[in-house]
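One structure is given here, and the rest of the page talks about it.
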Amino acid sequence: MHRKGIMERELDIDAAKYISSLNFDKEILESVILVNIVHIRLLEKAGIISSELAEKAEKHLQTMLIKPLSLDDPRYEDVHMMIEAELIKYVPQIGASLALGKSRNDAVATAIRLRLKERLLNLHESCVTFCEAMLRKALEESEIIFPVYTHLQRAAPATFGFVMHSYAVRLLKALQHIKLVYELSDESPLGSAAVAGTSVPLDREYAASLLGFSKVSQNALESTTSREFVIEALSCLSIIALILSSLSEEFVVFSSEEFDLITFPEEFSATSSIMPQKRNPVVAEIVRTKVAELLGLLTSAIMMSARQVSGYNLDLQQITPKLWQAFEIIEETLRIMTKLIPRLKVNEDKCMSACSPPTGIVEVANHLSLKYGIPFRNAHAFAGRISKLIYEGNLNENSLQKTKAEFNIETPLTLKDLVNLMEPKRVIYSYTTVGSANPKLVKRAVEDSMMDLEEEKRWARSKRANFEFALNKLKGRISAQKT
Ligand code: ARG
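Residue numbering for the sequence shown follows our numbering, beginning at 3 and increasing consecutively.
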């Protein structure tokens with residue numbers, strides 16, 4: 003209908019399907035309706051439309067929230083055109099004025115932000131829940147000896163709790179990124195119109211407050227063109243995928259027979275259709291791949307928004323579904339990992355033997371330096387030779403004393419002292435630095451992280467309360483007093 007003025011022919015049906023966003027607009031359907039309700043209020047406030055008709059249109063839009071449109075009519079380019087056509091059927095004067103001062107460009111930019119804010123709050127909650135599972139596990143296993151690696155070579159005795167806590171801390175940092183993206187998305191483009199603003203006297207501040215945004219965007223060209231906030235969200239999701247991918251790689255490697263440090267839970271494993279002895283950690287394998295999917299989505303989004311002249315281009319439309327796909331993937335992955343974590347079992351004997359001498363031998367060198375003032379380089383060389391003797395099965399009182407003489411280690415150190423210094427439990431309890439794997443310090447660090455999580459929850463609660471209060475008013479669920 004709107005093309006009649008300028009075009010003589012209808013859009014080719016295949017072309018219409020090709021350019022339509024209807025099949026992925028479902029995600030923003032509700033947000034677009036809310037944006038339209040607000041726009042109608044702006045037109046009313048500006049004295050452009052009557053209160054009576056505005057109210058009628060608003061009621062009609064609210065019923066669309068309860069009984070959503072089915073987005074399957076290929077004649078419509080998108081959800082915006084469909085809602086407009088729908089409203090024209092019931093309140094023609096208002097339906098026909100929906101695009102007065104409002105473009106699909108500012109409407110979609112607003113709707114994406116609105117939905118994204120909600121998605122970010124949900125993601126934040128899922129990450130918090132996952133972190134809590136990790137911290138509970140960290141506490142439970144805070145004294146269970148577990149080797150840690152560098153270069154995938156045994157590096158030092160630590161505990162499984164310490165490793166779990168390290169991942170919780172990584173996730174806590176990702177939460178900071180989520181909050182940053184939330185702040186970036188928390189501004190209303192509505193009133194920017196197609197590209198340069200409008201002569202229609204719209205109160206943008208009012209629109210922002212009705213939609214629960216904390217501010218209005220400052221440049222109409224920027225707010226209708228830029229999708230950096232989407233890229234930010236996708237990179238934040240990619241970082242979460244990356245952390246989960248490393249974690250699941252550890253599960254795959256450490257549950258293999260070669261390491262056998264943990265038992266991967268059966269509920270999350272599959273067997274082979276031909277090799278009956280197999281217990282494959284398939285869930286961890288799938289989690290491990292998600293970072294690749296996420297990077298694909300992120301890269302697509304970057305490339306789709308690159309090389310564009312400012313001002314809306316339809317390329318931008320294709321970015322939006324990438325964002326929602328990424329949320330689906332990560333939410334599902336977090337849910338499954340949250341279930342899996344409590345079921346992991348540490349194989350304590352195997353871990354203990356992986357931490358047995360010479361794994362903790364750096365503490366022998368430390369001891370020689372701290373107690374006898376032996377320069378660390380000398381002590382390190384001596385300890386290196388002792389490691390070699392252990393690997394060769396040649397360490398005894400005799401070879402020890404010979405090696406001490408060779409490296410000028412003038413101390414009363416006996417074989418018994420040496421073995422004692424490397425005893426895994428002794429080693430971990432000897433760590434004194436903050437952030438070390440000493441179980442006492444890990445417990446304290448876990449408690450601090452739990453407090454950080456409480457702070458995170460407070461942040462999310464207050465954002466969600468403001469957000470829901472504003473939107474529930476628009477949805478007519480709270481007395482619709484107009485402010
Ligand atoms: N469906 C589009 C999107 O999702 C919005 C429409 C913009 N179309 C236009 N011709 N300006 O981004």
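Idealized CB from N, CA, C, for every residue including glycine. Given the structure is predicted, the values throughout are model-derived calculations rather than measurements.
- Would the beta-carbon of Gly478 fall within 8 Å of that of Gln178? no
- Start and end of the beta strand (DSSP E) containing Pro159? 155-161
- Determine which residues share a DSSP beta bridge with Pro76 and list them. In the DSSP output, where bridge partners are listed per residue, Pro76 has none listed.
- DSSP state of Arg11 mapped onto helix, strand, coil: coil
- Do Met306 and Leu246 have their C-beta atoms closer together than 8 Å? no
- Message: Assuming Val150 is part of the beta strand (DSSP E), what are its boundary residues?
- Response: 147-152
- Query: Buried or exposed: Leu182, going by 16 or more other Cβ atoms within 10 Å of its Cβ?
  - Reply: exposed
- Task: Would you mind stating whether Ser23 and Asp74 have Cβ atoms separated by less than 8 Å?
- Result: no
- For Glu295, which residues from the same chain have a beta carbon less than 7 Å from its beta carbon, with the 5 sequence-adjacent residues on both sides left out? Ile331
- Query: Does the Cβ of Asn107 lie closer than 7 Å to at least one heavy atom of the ligand ARG?
  - Reply: yes
- Query: Where does Lys484 sit, in a helix, a strand or coil, going by DSSP?
  - Reply: Residue placement at Lys484 is flagged as unreliable, the pLDDT there being 47, under the threshold of 50; the coordinate-derived value follows with that caveat. If DSSP states are grouped into helix, strand and coil, Lys484 belongs with coil.
- Contacts around Met354, its chain only, beta-carbon distance under 8 Å, and the 5 residues preceding and following it disregarded: Ile147, Pro426
- Message: Does Asn221 come out as helix, strand or coil in the three-state DSSP assignment?
- Response: coil
- Query: Skipping 5 residues on each side, what residues in its chain have a beta carbon closer than 7 Å to that of Pro323?
  - Reply: Phe26
- Is Thr322 near the ligand ARG, with its Cβ less than 7 Å from a heavy atom? yes
- Please confirm whether any heavy atom of the ligand ARG lies closer than 7 Å to the CB of Tyr78. no
- Would you mind working out which of Leu123, Ala135, Ile39 sits nearest Ile96, comparing C-alpha positions? Ile39
- Go ahead and label Phe266 buried or exposed: buried means 16 or more other beta carbons lie within 10 angstroms of its beta carbon, across all protein chains shown. buried
- Where does Lys104 fall in DSSP's three states? coil
- Grab me the residues of Ile392's own chain with a C-beta within less than 7 Å of its C-beta, minus the 5 sequence neighbours each way, in chain order. Pro359, Pro360
- Below 7 Å CB to CB, which residues in the same chain sit around Leu455 once its five sequence neighbours on both sides are set aside? Val130, Cys133, Glu134
- Query: If you measure from the CB of Ser23, is any heavy atom of the ligand ARG nearer than 7 Å?
  - Reply: yes
- Could you spell out where the alpha helix (DSSP H) holding His382 opens and where it closes? 378-394
- What residue range is occupied by the uninterrupted alpha helix (DSSP H) comprising His490? Look at the range of the chain in this structure, 3 to 485, and you will see that residue 490 is not part of it.
- Query: Between the C-alpha atoms of Ala383 and Val421, what's the straight-line distance to the nearest angstrom?
  - Reply: 17 Å
- Query: In chain order, which alpha helix (DSSP H) runs of at least 4 residues are fully inside the segment 221-278?
  - Reply: 222-227, 230-257
- Is the closest heavy atom of the ligand ARG to the C-beta of His41 under 7 Å? no
- Message: Within 8 Å, do at least three Cβ pairs link the segment 212-226 to the segment 247-255?
- Response: no
- Taking 7 Å as the line, does the beta carbon of Leu325 fall inside it for any heavy atom of the ligand ARG? no
- Task: Determine the extent of the alpha helix (DSSP H) in which Phe26 is found, giving its start and end residues.
- Result: Careful: Phe26 lies outside any alpha helix (DSSP H) and carries neither H nor E.
- Message: Can you tell me where the alpha helix (DSSP H) holding Gln95 begins and where it ends?
- Response: 94-97
- Please name the residue or residues paired with Ile421 in a DSSP beta bridge. Residue 421 is actually Val in this sequence, not Ile. DSSP lists no partner for Val421.
- Task: With distances taken Cα to Cα, identify the nearest neighbour of Gln319 among Gln155, Glu12, Glu29.
- Result: Glu29
- When the Cβ atoms of the segment 187-203 are set against those of the segment 105-120, are three or more pairs found closer than 8 Å? yes
- Message: I need the straight-line Cα distance from Phe215 to Glu57, nearest angstrom please.
- Response: 23 Å
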